[in-house]
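Protein sequence lines, in the order shown, are assigned to chains Z and G. Take 1 as the starting number for the first sequence in our numbering and just add one per residue. Take 1001 as the starting number for the second sequence in our numbering and just add one per residue. Here a beta-carbon is modelled for each residue, glycine too, at the ideal position from N, C-alpha and C. Remember, it's a predicted structure, so these values are computed and weren't measured experimentally.
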Amino acid sequence: MREARARSAIYRYALLTRVSHWLWFVAFVVLIGSGLQIFNASPSLDASDKSDPARRVLAIGSPAQGVGTTTIFGHTFATTNWLGWTGDGMGSRGPHAFGAWITIPGYQDLSGGRRWHFFFAWIAALCWLAWLVSSAAKGNLQQMLLRRSDLSKLWPMQAYYLKLRKTPPPHGTYNPLQKAAYTMVLFVVAPLVVLTGLALSPGLDAIANPLTVVFGGRQFARLWHFAGMLVLMAFFAIHTFQVLTQGFANQMRSMITGWYRP
Amino acid sequence: MRRRLFIASSISTLAGCGPISAALSQNDGLRRVLASAEGLNHRLIGTRGLAREYRERDVDTNFRVNGFATPSDARYAALVAGGFAAYRLIVDGAVERPGAFTLGQLAAMSQRTQITRHDCVEGWSAIGKWSGVPLADVLDRVGVRAGAHYVVFHCMDNDGSGNLYYESLDLHQARHPQALLALRLNGSPLDPDHGAPLRLRVPTQLGYKSAKWVGRIELVGGFATIYGGQGGYWEDRGYEWYAGI
């Protein structure tokens, strides 16, 4: 049975990759929801160390009953029912930046959000570390990292996808755009999100103040943390789109059982 | 079609979170599992190092009021009306020489001034210049008895439902050089909104540790029998006792 299957399918994902992938997915969803819950407790982001309205980049608020607004770099937009004035998870609406439908827990609860966030931050970080060590040991990591020689192939690969070119440029297991995406997410954005999260801790700030300083201070670190989340959301959206459009069943089976039918 | 499927599946993934997590959050077992990260954070980060001290020009002259504003009860109003002349800081519990200090006595002890950032659990920060008596000096004056492990701060404000505010530190945190019994903010005596006449300042932890309107300091072996048993007003309401993160 196993041999028969082996002839028609290839074993693409190791157990550790599959387990860490799905744990990561769960952690990602929980970290977004609980992070937005935490954001709601003070729904503004400043490019400064201490809170400073003069350096406010984003503010979501409710200036009046029934009104929600979002202010980006001083420009205010009406976002009633979307941001600022949203559902509270108890059947009515109120002055909450993000609605209860997307926050964890699904009602206003800062301490609950913090518990979920810190627990799953550990899960995500430990998964990342386990996957990193294992891929490096097996030599898979080297195939994924973007190299200097890949830079000139980025546009030809994009041109191929845009049907401006008939063939993709020659590449290994991962094409140059995949390498760029994975390198950015796994080695730039994910570590940035972890470090900026740590920089928010007053306890850690007392031990490693330079960490907070390099991000521009505590509030600035909060801004970077939020921006990193948006980049990861964009990656998640593109990734999901690709899985849905590139043989959904085959993709899902391979990430669950490991077997992929080429 | 595919796009619609994608949008629908993404929204349903995220929209499910609220209600599901709301149900899960009520589960005590799961709550304990999630809270286990606190112990790990406490062990790894702890209370090492010194909070950054800022320059005079970094100070917020209009320091944001954290937590509750001026206590509304009559006893506190009477203290304010009397210029805090009747105020005594009671220090008792597991100590050699229980004490009751007037503001004059506290002001006569050696003072420390520090310009530090206040990091609120809500996410905002403000910088203030705090002056007062290092907590360690008061502990030395009363003499901590063997068996005392925690310092509990009993406050003069209640939340309107009769629950008094309180906080606690372990002795290691209490003897941190920046743990301060602050009497002054930005060069003036504390005003009622900021915790007059005396508040705690613990810049290595989140703002809710820095209890305002402290009236009594009690040395105890443990805090399981005090109020909700979690070591603080917000701790009794689900927040972490270790507020370093």
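Shorter than 8 angstroms from the beta carbon of I1115 (chain G) to some beta carbon of chain Z?
-> No Cβ of chain Z is located within less than 8 angstroms of the beta carbon of I1115 (chain G).
Note down, in chain order, every chain G residue with its Cβ under 7 angstroms from the Cβ of N209 (chain Z).
-> Here the neighbours are R1052.
Residues that DSSP places opposite L1200 (chain G) in a beta bridge = Looking at the DSSP assignment, L1200 (chain G) forms a beta bridge with G:L1181.
For Y11 (chain Z), I'd like the list of residues in its chain whose CB is within less than 7 angstroms of its CB, leaving aside the five on either flank, ordered along the chain.
-> Around Y11 (chain Z): G258, W259.
Whole-Å CB distance - A14 (chain Z) paired with C127 (chain Z), under 8 angstroms assumed = The beta-carbon separation of A14 (chain Z) and C127 (chain Z), rounded to 14 angstroms, does not stay under the 8 angstroms limit for a contact.
Is the beta carbon of R1199 (chain G) sitting closer than 8 angstroms to the one on L1190 (chain G)?
-> Contact: yes.
Give a yes or no on whether the minimum CB-CB distance between I38 (chain Z) and chain G is below 8 angstroms.
-> Using beta-carbon distances, I38 (chain Z) counts as an interface residue toward chain G, with a partner under 8 angstroms.
For V1151 (chain G), which three-state DSSP category applies?
-> Three-state DSSP puts V1151 (chain G) in a strand.
Within chain Z, partners of D1119 (chain G) - CB distance below 7 angstroms | Per Cβ cutoff of 7 angstroms: P202, R218.
Do three or more CB pairs link the region 1155-1169 of chain G to the region 1230-1237 of chain G at distances below 8 angstroms?
-> By the Cβ test, the region 1155-1169 of chain G is in contact with the region 1230-1237 of chain G, since at least three Cβ pairs between them sit closer than 8 angstroms.
Looking only at C-alpha atoms, which of Z:Q142, Z:T173, Z:P210, Z:L31 sits nearest to F118 (chain Z)?
-> Checked all of Z:Q142, Z:T173, Z:P210, Z:L31; the closest Cα to F118 (chain Z) is Z:L31.
In terms of residues, what are the limits of the beta strand (DSSP E) holding A1100 (chain G)?
-> Where A1100 (chain G) is concerned, the enclosing beta strand (DSSP E) starts and stops at 1099-1101.
Output the distance between the C-alpha atoms of G1222 (chain G) and Q1230 (chain G), rounded to the nearest integer angstrom.
-> Answer to the nearest angstrom: the Cα atoms are 10 angstroms apart.
Under 7 angstroms between beta-carbons, which chain G residues line up against K50 (chain Z)? List them in chain order, please.
-> At a C-beta separation below 7 angstroms, K50 (chain Z) has these neighbours in chain G: D1060, R1117, S1125, A1126, I1127.
A1074 (chain G) and R1088 (chain G) look like a contact to me (Cβ under 8 angstroms); what is the Cβ gap, rounded to whole Å?
-> Actually they do not touch by this definition, with Cβ atoms about 18 angstroms apart.
Unbroken alpha helix (DSSP H) run spanning Q219 (chain Z), endpoints | 218-245 is the span of the alpha helix (DSSP H), which, as asked, contains Q219 (chain Z).
For L1206 (chain G) and D1119 (chain G), believed in contact at Cβ under 8 angstroms, the rounded distance = Contact holds; Cβ gap of about 6 angstroms.
Would you list the one or two residues that DSSP bridges to E1167 (chain G)?
-> Partner(s): G:F1153.
From what residue to what residue does the alpha helix (DSSP H) around A1136 (chain G) run?
-> Residues 1135-1142.
Hey, would you say T212 (chain Z) sits closer than 8 angstroms to A227 (chain Z), going by beta carbons?
-> Cβ atoms of T212 (chain Z) and A227 (chain Z): not closer than 8 angstroms.
What does a CB cutoff of less than 6 angstroms around T183 (chain Z) pick up in its chain, not counting 5 residues either side in sequence?
-> Closer than 6 angstroms at Cβ, skipping near neighbours: L145, L146.
With a cut-off of 8 angstroms, do at least 3 Cβ pairs link the region 1120-1127 of chain G to the region 38-49 of chain Z?
-> Enough Cβ pairs lie closer than 8 angstroms, so yes.
Note down, one range per segment and in chain order, each beta strand (DSSP E) of at least 3 residues found wholly within the region 37-125 of chain Z.
-> Counting only runs of at least 3 residues, the region 37-125 of chain Z fully encloses the following beta strand (DSSP E) elements, listed from N- to C-terminal order: 44-46, 56-64, 67-72, 75-78.
Taking T1113 (chain G) as the reference, which of G:G1082, G:H1154, G:V1059 has the closest Cα?
-> From the listed residues G:G1082, G:H1154, G:V1059, the smallest Cα separation to T1113 (chain G) is found for G:V1059.
Of the residues that make up the region 149-180 of chain Z, which ones have a beta carbon closer than 9 angstroms to any beta carbon in chain G?
-> If the cut-off is 9 angstroms between Cβ atoms, the region 149-180 of chain Z has nothing near chain G.
Nearest residue (CA-CA) to R1216 (chain G), options G:P1192, G:S1161, G:H1154 | Of all alpha-carbon atoms in G:P1192, G:S1161, G:H1154, the one lying nearest the alpha-carbon of R1216 (chain G) is that of G:H1154.
Under a Cβ-count criterion, where at least 16 other Cβ atoms within 10 Å of its own Cβ denotes burial, should F220 (chain Z) be classed as buried or exposed?
-> With 16 or more other Cβ atoms within 10 Å, it is buried.
Compare the C-alpha of T1116 (chain G) against each of G:T1204, G:A1196, G:L1044, G:A1085 and name the closest.
-> Considering only G:T1204, G:A1196, G:L1044, G:A1085, the residue with the shortest C-alpha distance to T1116 (chain G) is G:T1204.
Any residues in the region 1155-1184 of chain G with a beta carbon nearer than 7 angstroms to a beta carbon of chain Z? Which ones, in chain order?
-> Flagged: no residues at all.
Where the region 88-112 of chain Z meets chain G: residues whose CB sits under 9 angstroms from a CB there = Cβ contacts with chain G: G89, G99, A100, W101, I102, T103, I104, P105, G106, Y107, D109, L110, S111, G112.
Host alpha helix (DSSP H) of V193 (chain Z) (start-end) = From DSSP, the alpha helix (DSSP H) with V193 (chain Z) extends over 190-198.
M1 (chain Z), DSSP secondary structure in three states = Legend: pLDDT at M1 (chain Z) = 47, less than 50; position of this residue unreliable, no value from coordinates given.
Alpha-carbon spacing of I1045 (chain G) relative to V1091 (chain G), whole angstroms | Their Cα atoms are separated by approximately 30 angstroms.
L1203 (chain G) versus chain Z: which residues are under 8 angstroms apart at the beta carbon?
-> The residue you asked about is not Leu; residue 1203 (chain G) is Pro in the sequence shown. Near P1203 (chain G) (Cβ distances below 8 angstroms), the residues of chain Z are P202, A206.
Residues in the region 1218-1235 of chain G having any Cβ partner in chain Z nearer than 7 angstroms | Against chain Z - using a Cβ distance shorter than 7 angstroms - the region 1218-1235 of chain G contributes no residues.
A234 (chain Z) touches chain G at which residues, Cβ-Cβ below 7 angstroms?
-> Going along chain G, no residue has its Cβ under 7 angstroms from A234 (chain Z), so there is no contact; the nearest lies around 12 angstroms.
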